[in-house]
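Protein chains in written order, with the working numbering: chain E, -4 to 357; chain S, -4 to 357; chain Z, -4 to 357; chain H, -4 to 357.
Number of protein chains: 4
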Amino acid sequence: MSSIIGTKVKISVFGESHGEAIGVVIDGLPAGYDIDFDKVYEDMKRRAPGQDKFSTPRAEKDMPRVLSGIFNGKTTGAPLAAIIENSNTKSKDYSELKVKMRPSHSDYPAMIKYDGYNDYRGGGHFSGRLTAMFVFAGAVCKEILKEKDIYVGSHIKSIRNVKDSSFDKTNITKELLDELRENRFPTLNKDVVEDMQKEILDAKNDLDSVGGVIEAAIINLPAGVGNPMFNSVESVLSHMLFSIPAVKGVEFGEGFNISTLRGSEANDSYYIEDGKIKTYTNNNGGILGGITNGMPVVFSLAIKPTPSISKPQKTVNVETMENDILEVHGRHDPCIVQRAVPVVECAAAVAILDILLQGKQQ
Amino acid sequence: MSSIIGTKVKISVFGESHGEAIGVVIDGLPAGYDIDFDKVYEDMKRRAPGQDKFSTPRAEKDMPRVLSGIFNGKTTGAPLAAIIENSNTKSKDYSELKVKMRPSHSDYPAMIKYDGYNDYRGGGHFSGRLTAMFVFAGAVCKEILKEKDIYVGSHIKSIRNVKDSSFDKTNITKELLDELRENRFPTLNKDVVEDMQKEILDAKNDLDSVGGVIEAAIINLPAGVGNPMFNSVESVLSHMLFSIPAVKGVEFGEGFNISTLRGSEANDSYYIEDGKIKTYTNNNGGILGGITNGMPVVFSLAIKPTPSISKPQKTVNVETMENDILEVHGRHDPCIVQRAVPVVECAAAVAILDILLQGKQQ
Amino acid sequence: MSSIIGTKVKISVFGESHGEAIGVVIDGLPAGYDIDFDKVYEDMKRRAPGQDKFSTPRAEKDMPRVLSGIFNGKTTGAPLAAIIENSNTKSKDYSELKVKMRPSHSDYPAMIKYDGYNDYRGGGHFSGRLTAMFVFAGAVCKEILKEKDIYVGSHIKSIRNVKDSSFDKTNITKELLDELRENRFPTLNKDVVEDMQKEILDAKNDLDSVGGVIEAAIINLPAGVGNPMFNSVESVLSHMLFSIPAVKGVEFGEGFNISTLRGSEANDSYYIEDGKIKTYTNNNGGILGGITNGMPVVFSLAIKPTPSISKPQKTVNVETMENDILEVHGRHDPCIVQRAVPVVECAAAVAILDILLQGKQQ
Amino acid sequence: MSSIIGTKVKISVFGESHGEAIGVVIDGLPAGYDIDFDKVYEDMKRRAPGQDKFSTPRAEKDMPRVLSGIFNGKTTGAPLAAIIENSNTKSKDYSELKVKMRPSHSDYPAMIKYDGYNDYRGGGHFSGRLTAMFVFAGAVCKEILKEKDIYVGSHIKSIRNVKDSSFDKTNITKELLDELRENRFPTLNKDVVEDMQKEILDAKNDLDSVGGVIEAAIINLPAGVGNPMFNSVESVLSHMLFSIPAVKGVEFGEGFNISTLRGSEANDSYYIEDGKIKTYTNNNGGILGGITNGMPVVFSLAIKPTPSISKPQKTVNVETMENDILEVHGRHDPCIVQRAVPVVECAAAVAILDILLQGKQQ
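Now the structure itself:
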C-alpha cells in the first residue's frame, strides 16, 4: 500500500538509506520497447549528489543494476527490476538521532507509526535517496513515451524569492525541453541563475537552506487522456508528485493564480489552426474535467527548504520526553530544488505513462 | 477506475446531470456507527444551489434516499448506497452544446475520450451536480470521525483578490470549526465578507464569474497516520481533492509560500507541553514524511472561476470544424467557492477516514 | 474492499435481502456499445425464483431500473448503475434467526465479523438475492462481448450423483451454447434431466436439498489474453466465481481429474488447421501460464446443497450460548443449481470482459 | 497488474528463469516482528530441486539475500525485498524452443501476448523457478502468523491414483502439521508413500510425468475473518493459489464432493464445547459466506503432471507454421507435487496474512 503505486504501470520501491540496497520493480511495461540505458543513467546523474557546490559532496557513483525484464535490449512485458547497492554508506553513530527528532523530518511521525521499529538511520525508507529509484523508473518510462513522441521537461521557476519566467503554456517545444535538460540549473531566463545560486550559497554559509518552485511540462499528449472525477489527470499526477519528499504544493496551469481571475479571463477559448483544435490561452494547464485537451500539460510544485540544517534547533528527546537542542553536523544539501528537477520529471513520466496505457476509454 | 476511489473506505459515484438519478455506494464503512442523517442533510443543504443570490436559482430540493447499509439506525458494515432522483431537471434543447464546445469545460476532452457517446447534457457525468454525492459520502464519514473526536472544517480564504486571514495552524479548535459551519460565507475575519460578496455580484452583473481559495483543517488526528511515499497523506488527500471539478491547486501548510522561506524559518521545531509533543509552528500542515505529526492537518485549494459565463465566447464547432461564438444563457453560479466549501470538507473526510481505518501500520 | 471487484471493469454491488433496494454500479464500460436490455432481462428471468416447482415460489417480478450510464441506448463510458426495489419482501419475525445460527449459512461468521450490527434478515448482504445484480452486470458485459464474437454458456454437469456428459472441450459452438440457454435445465444429454429433477423433488419431499456441478465455457477468446502469475485467467475467474454463494470448488479443463493423468496424456499437443494453431485435446481448459491459448476456456464449479432446509437441525443460540434446535419454515429452493447457471455465466462474463479490456499487454 | 498481488500485504515478484536474478518485494508487513530466517530458509530448501531422485538434479544452492525491510532482526514496516542471483544457470541453445512451442507450457500464449518479445529461455517469467519467491514471501508471513498462533500445513493427498487419507477437518493440530513438515513426502498415512514414489519413478523411467493433489489446512484462525462476496476467503485464497503454475483446481472443505451430498448431510451443525462454538463436521472448510467460522480452513489443489517430458510430442513450429515434433532433453521433475507442497503453504500464508491484517471489519 505504502510504496507501490500505479494502475497499469505499477512501481514498487524498496530500500533504506543505510540498508543493503535500494531498488524498484516496474510492473506492466509493454513489451518490445528499446530502452536506451545511457539516457536513463543520464537522468540518474542529473539527480546524483556531489555534482557541484550547491549540493552535498556525498558521492553516489554507483548506477542501478537491471535484474529482470529486459531481453535482447528490449522490454519483455515482465517486471523490470533494478537495484543500487548501498556500498558507499558512511558508517556513523546514529544513537542521538534515534531519540532527538529532527524538525520537519519524518523522524517523529515514523517513530510513532512504526512503534520505534523503523530504520531511522539517515531517514531509512523515508530518505530522499529513495528518489533515485523514482528517477530510474521514470527515465525508463520516458523512453517509452519518446516512442509516442511525448516529452517531459521542467525548469526552476524560483529559488526562495528569485523568480524565473514561466512557460508560455500554449507553446512549449521539444527543443526548449531538450535545452533545459542540458543545464544543471535549468531556467528559461538565464539571467536569474546567478541570483538563484547566490541564494543557495548564502544559505549554505549561514548553515541554513532554501527551497523553490519547479514548473514542468508534458508535451504532445493527445486530447482525451485521463478520467473524470477520481482518476483525473490532476489527481493521478498530484498523487505521484506529493510522494516526492519536500513537495508541499502542486498546481496545474495558472494554479492558485487562476483564483484571482474572472471567468472571462481564465477560460481558455478554442480556435482552429491547421484543422486542429487549440486554445488561445492555457490557464487550465491542458486538463479539463480531468482529461487532456491536447494542449501542453503544465504544473508547478513547491519544494520546501531542506529540513536538514546545521544551525542548532529546538527539539524534543522522545526517550526522556524533555525539550532539547539538536545540532546536526555533516553534509547536507543547502538546496535540493535543482536535484529535484529530474525527480519531478521522472515521477510525472511514470504517472503519465500509466494514464496513457489505460487507453482512451476505460 | 474512473469513478471509484479508496483503499479501505471506497466510494463509487454514478449518475449524470440529466439522467435518471445520481448516487453513491460507500463500501467498507465499519459496522455499528450511528449516523445522524440530520447532520448529513445539513451538509447537503450547505452545498445545494439556490440558497441565495450568489448562486444559481436552480433548486435541488430533493434529499438522498438511503438504499442499503443502515439497519436499526446504525451502519451494518455492508455497502451504504444512496441516490437522488433527478426529478427537477429542466428539459431543454442541448443540440447547440453538443457541437459548440464550452471553453474550460469538459465538453471537448470528454467528446474525444468517449468518441462522442458521452451524455453531454449539462456536462453529464462531469457535472458539478455529482459533487452532491461527495458531500453525502463525506458527511456520513464525518459522523464516524466525530466518534473519534476528529473534525473537518474550512473557510473561504479568498474570493478573487479579497483575502481572509489564514488559520493559526497551531491552534484550531472544534468551536472555531463549528462557528465557521454556521455561515454560508465562512470567514475568519467577518469584515471581508461584504467585499467578497461584492466581487461576486459585480461579476454576476457583468455576466462573468469569479473564483477563490478555500483553506481547510482536520483536527485531532493522532500522530502516526498515513504512509511514506506513494500513499502519503498529501498524496491521498490531493488525489481526492483534485477530483472536485474546478480545483486547480492544492497545498499543505504554508504550501507555495514555504518555498520562499529558509529552512530555519520553515522548520517546525518541537517542544513538550503537558507531556505531549507539539510544534511551535505548523508550516508543514501537520504532515511530515507523508505521516501526521499530531498537529492540525491544514491545506488550501484554488478554485477556478465558474467556466459557465453568459458573455459571448470564442469557441469551435466540432461538427463543422469552424471557429464560432458561444453564448450560453441560463442560470449559472457567478461563484461556486461558497458552495464548494462543504464539498471540500466532505471529500477530505472520506479520504481521511480511509487513511485512518488503514490502521497505524500497513 | 468487500463488495467491489475488477481492474478495468469494476462492479460495486450493494443491498440487503430485506432492505430498500439492491443494486450494482458497473464502472469502466467502454462507450458506444448498444445494450439489448431485452437480452439482459432474459438472463435476469433465468435466475429469478418461482419459475417452476424446483425452486422457491417467491416471485421477484420486478426488473432492474437503469439509473445512469446509458444515453440514446448506448453505453456512455460513465458508470452504469441499476437498482431493483425490494417491494415484494415478506415481512416476518426474524427474532429467532437473530440468535439461532443457521448451519452452513453466513449467520454466525457475519455476526462475529460485524459485532452483531449486520442486517441478519434473510441473510442481509449475504443473501443469494444479491446475485441478481451479478446477473444484471454480467448480462450487460455479455452484450459487449457479443460484439467481439465472444460467448459464454453452461450446462448442469450433475445434480447430486446424476451426471450429464461433459463438453467436448475442443469443439464448443455458439449454436450449442444458444441451445443450452433455451432450457431451464440445460444439459448436453437430454436423457438425464428427468433423473436430475427427480433428485430435486425427492429432496424437496424429504424437507432436504441437493447440490450439483455446473460446467461453463467461454468461446472465441483470442490467444494471448490474461497474465502470468497473480492475474492469471484462472486467478481472476476463480476469484469472481468463489464470490457466488454456495460455490465450494472451481476447476479448469480436466481440473482435479488431470491429477490422475500422466504428462503424455494430459499435455495438449499442437497442430495447425487452416493456418490456425489448435490443440488436439483441451485438458488445460484453454489456459496455459495464466493466458488463453485460443481454445475454449472451460471450467466447472461445485455448488453445495442449499443450506436452508426445513428439517430440524442442531445449532446454538448465541444469546444464551446453549445448544438448541432450529426449525426453519418457509419457502426454500430444494436446489439452486439451475438458478445458479445464469449467475455463473454472468459472473464469468464480467471477469472475462475485465481481462479482455486490459489489452493484450499490460 | 500481472505480478503484484495483495491488499494490505502486497507482494511483487520479478525475474526470469535465466535472467540476472529473481526477487520479491513484500510491502505492508507490520513492524516489530522477529523473522527467524532459519525457518524461512528451511521452507526454501523444502522447495529446492535436486534434493532426491524424484525431482530434477538441478541445484539451486543459493539462498535469498535480504535487501531491505529488516533492522536489528525485526521487520521495520518498510518493504522487505529479497533476491536470488541466477548464478548457476546452465547456458544452452534455446533457439529450438523459441519456435517449437512446448505443449501445455506457457510458450505459445506468452509469445502471442508479448508479440515474441518475452524471454522464452526456460519459460522466462513463467518459470516454476519464480515460485521460490512465493516460498520466501510466504515463509516470512508464516513467521508473523506464528506470533498469532496461526499455522499452515499440508500433505500430499494423491499422486496420480494413489490416495492418502484426508484431514479430519474438525481436528487438525499444530503437532500434526509440524510432523508433516518433517517429511519430504508428507502424507497422513505413511503406508501410501512407497506406492506414490513408485508412480513417480515409473513415470520417470517412461520419460513421462505424473501429477497429484495437495490438501492444506490453516488452523487457529479466529471466526469473523474475511469478507462477503468479492473478497471472500475462498476468492482471495483461490486467486493466490491459481497463481501457482500447474494448479488446475481448487476446492474448499469437501469441495466437489459436497455436490453429491444432501443439505442435511452437508450442513455443518453447531454445538458448544467449553464455551466455544464449534461444528460437528467441517464440510465447508471453515468458511461460510466468505468468512471464517473458527474451524480449520481446509482446501485442496489439483496439480497437473509436469508438462516437460522427454517423450517426443506433436507440436507446431511458429516460424514455419508447420506441424512438427518436439523432443525436449534435459533434467525435468517427473513430479512436482512434493516440491509444490511448501509453495502452496507459503502462497496461502501470504493470502491469509493479507486477509487477517485487514481487520475484522472493513
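We treat Cβ as the ideally placed atom computed from N, Cα and C, and that holds for glycine.
Remember, predicted model here, so these are calculated numbers, not experimental data.
For a test of the three-state rule: what should DSSP assign to residue i, helix, strand or coil?
i	result
S:F162	coil
Z:T71	coil
H:E268	strand
H:Q357	Reliability of the predicted coordinates at H:Q357 is poor, the pLDDT of 48 falling under 50, and no value is obtained from them.
E:S230	helix
S:D173	helix
E:V208	strand
H:K3	coil
H:K34	helix
Z:G118	helix
Z:V361	The structure shown has nothing for residue 361 of chain Z, since chain Z only spans -4 to 357.
Could you check whether the Cβ of residue i sits closer than 8 Å to any Cβ belonging to chain E?
i	result
S:S161	no
Z:G354	yes
So what does residue i bridge to, in DSSP terms?
i	result
Z:V61	Z:A77
Z:T274	Z:Y265
S:V245	E:V245, S:L296
Z:Y146	Z:I214
S:E317	S:N312
S:I154	S:V157, S:G207
E:L283	E:I286
E:A16	E:E80
S:K95	S:N312
Note down, in chain order, every chain Z residue with its Cβ under 7 Å from the Cβ of residue i.
i	result
S:V20	S7, F9, V20
Strictly under 8 Å for the Cβ-Cβ distance: is residue i near chain H by that measure?
i	result
S:G1	no
Z:H234	yes
Z:E340	no
Z:Y146	no
Z:Q357	Since pLDDT at Z:Q357 reaches only 48, below the 50 mark, its modelled position is unreliable, and no value is offered.
Could you tell me whether the Cβ of residue i comes closer than 8 Å to any Cβ of chain Z?
i	result
E:G118	no
H:N224	Per the sequence shown, the amino acid found at residue 224 of chain H is Met instead of Asn. Judged by the 8 Å Cβ criterion, H:M224 is in contact with chain Z.
S:A343	no
What does residue i reach in chain E if we use C-beta pairs closer than 7 Å?
i	result
S:T255	R155, N156
H:T287	Under the 7 Å cutoff, chain E gives no residues; its nearest Cβ is about 23 Å from H:T287.
S:S259	D203, I304, K306
For residue i, which residues in chain S fall below 7 Å Cβ to Cβ?
i	result
Z:E314	The contacting residues do not exist; Z:E314 stays about 16 Å from chain S at best.
Counting only beta-carbon atoms, is residue i nearer than 8 Å to chain S?
i	result
Z:S(-3)	yes
Z:A16	yes
What in chain Z is Cβ-close to residue i, meaning under 9 Å?
i	result
H:T310	S264, Y265, Y266
Please compile the residues from chain S whose C-beta is within a distance smaller than 9 Å of the C-beta of residue i.
i	result
E:L75	Neighbours of E:L75 on chain S: none; closest Cβ ~18 Å, over 9 Å.
Z:A26	K108, Y109, D110, G111, Y112, N113
Show which residues of chain E have a CB atom less than 9 Å away from the CB atom of residue i.
i	result
H:G64	F9, G10, E11, G14, D114, H120
Residues of the region 94 to 114 of chain E with Cβ closer than 7 Å to any Cβ of chain S, in chain order
Cβ contacts with chain S: M96, P98, S99, H100, S101, Y103, P104, A105, I107, K108, Y109.
At a Cβ cut of 7 Å, what residues of the region 293 to 305 of chain E count as close to chain S, listed as they run along the chain?
A297, I298, K299, P300, T301, P302, I304: these are the residues of the region 293 to 305 of chain E whose beta carbon lies less than 7 Å from some beta carbon of chain S, given in chain order.
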